[in-house]
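Peer 1: Take this structure first; my questions come after.
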Amino acid sequence: MSTTASTTTTARRYELDHLRVLATFGVILLHTGVIPVVLWRDSVPELVSAFNVGNAANSLGRFAVNCFFMTSGALLLDPVRRFVLRPQFLRVALPTLTWIMIYAVANALFRQQELRGVKGGLSDPAELGLGDLVRALVSGPAVYHLWFVYVLLGIYLTVPLLRALTDRPEPQRLRLLAWFLVLWFIADLLPRWGTWLFEDRFPAAYPAPLAALPTGYIGLFVLGFVLSHYRDRLRVPSLAWLAIAAVGLVWTFVGVWQAASHGDPDVYAAYDNLKPPVLMYSVGVFAFFATRSWGPGPAWPLVKRLSELSFRIYLVHVLVLHTLRYTTELGPLVEDRPVVGLPLIYVATVALSVLVAWALDFIKPLRRWI
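Be aware that the sequence shown starts at 1, since it is given in full-length UniProt numbering, and climbs by one per residue.
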């Protein structure tokens with residue numbers, strides 16, 4: 001069975017359209033769940049509690065960001081697909097800059113109404129001079145959810161180098177990619193997992209050599225390509241991937257709940273995208289979609305459309321969620337009675353974010369910029 005990309009891989013990956021839409025709704029669920037999780041953090045929660053309503057939502061959405069990275073790697077590292085850095089980079093950077101300005105204006109308006117601005121470097125832009133404004137943009141995400149875009153743009157700059165690996169003939173390609181992932185595991189995952197699982201009992205390694213090795217989300221980017229490209233070799237039943245995802249999801253939920261119940265200082269450690277619980281959950285979900293035979297497609301027209309709008313939905317949803325929380329009755333409801341308020345504010349955020357993203361698409365001159 002072929003392990004190289006065939007000419008058909010240039011066709012649209014419909015299974016990844018479904019995953020992208022699911023991940024988009026997942027990240028909105030994650031950010032909605034943050035509200036009660038933060039507010040009820042010190043409540044010493046029982047299993048059935050306001051804290052765990054948010055924890056359940058947050059945990060359910062945790063697969064999303066990792067799946068975004070892996071989906072990008074599966075597509076952009078495919079040697080049969082054409083990649084040109086400049087247009088791909090600008091396709092993400094230009095709308096991001098536009099939305100940074102929109103968030104800055106929105107935060108200024110929130111502050112005028114004595115409301116809290118959206119968390120990030122530009123939460124109170126009126127108090128920033130030009131130099132402070134530049135530092136806020138460079139030193140950290142201008143808005144909290146844009147950290148993902150900062151990282152993605154950084155990875156994009158490495159894609160021409162990574163393509164030098166994925167363009168190699170077999171078996172050299174597989175050997176080089178396996179070595180890359182081994183180095184990622186040694187430099188990043190092993191120390192991260194060891195200190196979390198074993199605390200001071202895990203030996204600390206001298207960090208200087210590890211700093212030269214691949215770390216962070218670039219490993220997920222490459223892992224997404226490997227799982228997708230070599231899917232014909234992976235004799236793993238779909239139910240096994242779902243089982244891996246389920247174990248990761250339960251581990252995430254229970255880990256955070258137990259940390260909160262015992263008053264651990266790092267309550268949210270199990271939410272870390274590269275620690276075992278979330279990594280298992282997200283890899284299981286991604287592999288279920290990327291390695292399963294879904295037929296020739298196409299995706300439903302609505303799924304395809306939402307997939308095309310997913311990045312804009314991601315950019316706008318935090319503003320919608322923040323506005324609903326601080327200017328409507330849904331805010332107090334999700335804070336005081338999350339079992340009722342969280343589903344309501346989530347559905348409203350999804351609906352309005354999709355509506356805004358779809359409506360903006362009708363303004364053709366602005367499509368590239370927003």
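Glycine included, C-beta positions come from ideal geometry on N, C-alpha and C.
Run through DSSP, which three-state label would Ser6 get?
Peer 2: Locating residue 6 in the sequence shown gives position 6, where the first residue counts as 1. Below a pLDDT of 50, predicted positions are generally treated as unreliable, and Ser6, at 35, falls in that range; no measurement from the model is reported.
Peer 1: Can you confirm whether the stretch 243–263 touches the stretch 311–321 when touching is taken to mean that 3 or more C-beta pairs between the two stretches lie within less than 8 Å?
Peer 2: no
Peer 1: For Glu199, is the classification buried or exposed, using 16 other Cβ atoms within 10 angstroms of its Cβ as the cut-off for buried?
Peer 2: The residue you call residue 199 lines up with position 199 of the sequence shown. The residue is exposed, with fewer than 16 neighbouring Cβ atoms inside 10 Å.
Peer 1: Counting Cβ pairs, one atom from each stretch, are 3 or more of them under 8 Å apart for the stretch 138–147 and the stretch 118–128?
Peer 2: yes
Peer 1: Is it buried or exposed for Thr103, if we count other Cβ within 10 angstroms and need 16 for buried?
Peer 2: Position 103 of the sequence shown, counted from the first residue, corresponds to residue 103. Here residue 103 turns out to be Tyr, not Thr, going by the sequence shown. Tyr103 is buried by the Cβ-count criterion.
Peer 1: So, under 8 Å CB-CB, Ile35 and Ser353 are touching, yes? Tell me the CB distance rounded to an integer number of Å.
Peer 2: The residue labelled residue 35 in the question sits at position 35 within the sequence shown. The residue labelled residue 353 in the question sits at position 353 within the sequence shown. With a Cβ gap of about 16 Å, Ile35 and Ser353 do not count as contacting.
Peer 1: Can you tell me whether Trp300 is buried or exposed? The criterion is at least 16 other CB atoms within 10 Å of its CB, across all chains shown.
Peer 2: Counting from one through the sequence shown, the residue named residue 300 turns up at place 300. Label assigned to Trp300: exposed.
Peer 1: Could you tell me the alpha carbon to alpha carbon distance between Thr98 and Leu115, rounded to whole angstroms?
Peer 2: Locating residue 98 in the sequence shown gives position 98, counting from the first residue. Locating residue 115 in the sequence shown gives position 115, counting from the first residue. Cα to Cα, Thr98 sits roughly 23 Å from Leu115.
Peer 1: Give the C-beta separation of Pro214 and Trp193 to the nearest angstrom, bearing in mind that I take them to be a contact with Cβ-Cβ under 8 Å.
Peer 2: Within the sequence shown, numbered from 1, the residue matching residue 214 stands at position 214. Within the sequence shown, numbered from 1, the residue matching residue 193 stands at position 193. Not a contact, Cβ separation roughly 16 Å.
Peer 1: What is the DSSP secondary structure of Trp179, reduced to helix, strand or coil?
Peer 2: Position 179 of the sequence shown, counting from 1, holds the residue named residue 179. Correct three-state label for Trp179: helix.
Peer 1: Grab the span of the alpha helix (DSSP H) containing Lys304 for me, first residue to last.
Peer 2: Taking the sequence shown and counting its residues from 1, one reaches residue 304 at position 304. Segment 301–327, the alpha helix (DSSP H) holding Lys304.
Peer 1: Going by C-alpha distance, which of Glu127, Leu47, Leu94 is nearest Trp369?
Peer 2: Position 369 of the sequence shown, counted from the start, is the residue given in the question as residue 369. The candidate whose alpha carbon is nearest that of Trp369 is Leu94.
Peer 1: Does DSSP put residue 372 in a helix, a strand or coil?
Peer 2: Residue 372 falls outside the range modelled here, since the chain spans only 1 to 370, and no answer is possible.
Peer 1: So, is Ser6 buried or exposed, given that buried needs 16 or more other C-beta atoms within 10 angstroms?
Peer 2: One-based indexing of the sequence shown puts residue 6 at position 6. The predicted model places Ser6 with a pLDDT of 35, which falls under 50 and marks its position as unreliable; any figure quoted below should be read in that light. Ser6 comes out exposed.
Peer 1: Specify the secondary structure class of Leu190 as computed by DSSP and reduced to three states.
Peer 2: Taking the sequence shown and counting its residues from 1, one reaches residue 190 at position 190. Here Leu190 sits in helix by DSSP.
Peer 1: Considering only their Cβ atoms, is the gap separating Thr24 from Ser282 smaller than 8 Å?
Peer 2: Locating residue 282 in the sequence shown gives position 282, where the first residue counts as 1. Locating residue 24 in the sequence shown gives position 24, where the first residue counts as 1. Not closer than 8 Å, so no.
Peer 1: Using the Cα positions of Pro160 and Val92, report the straight-line distance between them to the nearest angstrom.
Peer 2: Locating residue 160 in the sequence shown gives position 160, counting from the first residue. Locating residue 92 in the sequence shown gives position 92, counting from the first residue. Cα to Cα, Pro160 sits roughly 17 Å from Val92.
Peer 1: Residues in its own chain within less than 6 Å of Trp241 by CB, not counting five upstream and five downstream?
Peer 2: Here residue 241 refers to the residue found at position 241 of the sequence shown. If we look at Trp241 and ignore the five residues flanking it on each side, its Cβ neighbours are Gly284, Ala287, Phe288.
Peer 1: From the beta carbon of Gly224, is the nearest beta carbon of chain C less than 8 Å away?
Peer 2: Among the protein chains of the structure shown there is no chain C, as only one such chain exists.
Peer 1: Is Thr291 buried or exposed, if buried means 16 or more other CB atoms sit within 10 Å of its CB?
Peer 2: As a working note, residue 291 is residue 291 in the sequence shown. Label assigned to Thr291: buried.
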